[in-house]
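With the numbering used here as the guide, the letters of the sequence shown map in order to residues 1286 to 1337.
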Amino acid sequence: MWELAHRTRAESASTVVRSSAATSAAAIAEVRAAIPEDHVILYVLRVDGGSE
């Protein structure tokens, strides 16, 4: 599982999303396809897929 954060360049607050994609590249592609065009991805972090 992957955790990614995105925001616009002008904002300081970000939105965190999770992806169950097999690779970080696939997770980035998945999130980029779903977020607005003016948003940037701040980080990609592999996280444990277990219960929170």
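Note that beta-carbon positions come from the ideal geometry of N, C-alpha and C, so glycine has one too.
Values in this document were obtained by computation on a predicted structure and should not be read as measured data.
Residue 1323, buried or exposed, once every other Cβ within 10 Å from all chains shown has been counted against 16: Working through the sequence shown from its first residue, we reach residue 1323 at position 38. Residue 1323 is exposed by the Cβ-count criterion.
Residue 1318 - DSSP class collapsed to helix/strand/coil: Your numbering for residue 1318 matches position 33 in the sequence shown. In this structure, residue 1318 counts as helix in the three-state DSSP scheme.
Presumed contact (8 angstroms Cβ cut-off) between residue 1330 and residue 1287, rounded CB distance: Here residue 1330 is taken as the residue at index 45 of the sequence shown, counted from 1. Here residue 1287 is taken as the residue at index 2 of the sequence shown, counted from 1. Indeed, because the Cβ distance is near 7 angstroms, the residues count as touching under 8 angstroms.
Selected residue, minimal CA-CA separation from residue 1296, among 1333, 1325 and 1332: Working through the sequence shown from its first residue, we reach residue 1296 at position 11. The alpha carbon of residue 1296 has as its nearest neighbour, out of 1333, 1325 and 1332, the alpha carbon of 1325.
Where residue 1304 falls: helix, strand or coil (DSSP): Within the sequence shown, numbered from 1, the residue matching residue 1304 stands at position 19. If DSSP states are grouped into helix, strand and coil, residue 1304 belongs with the strands.
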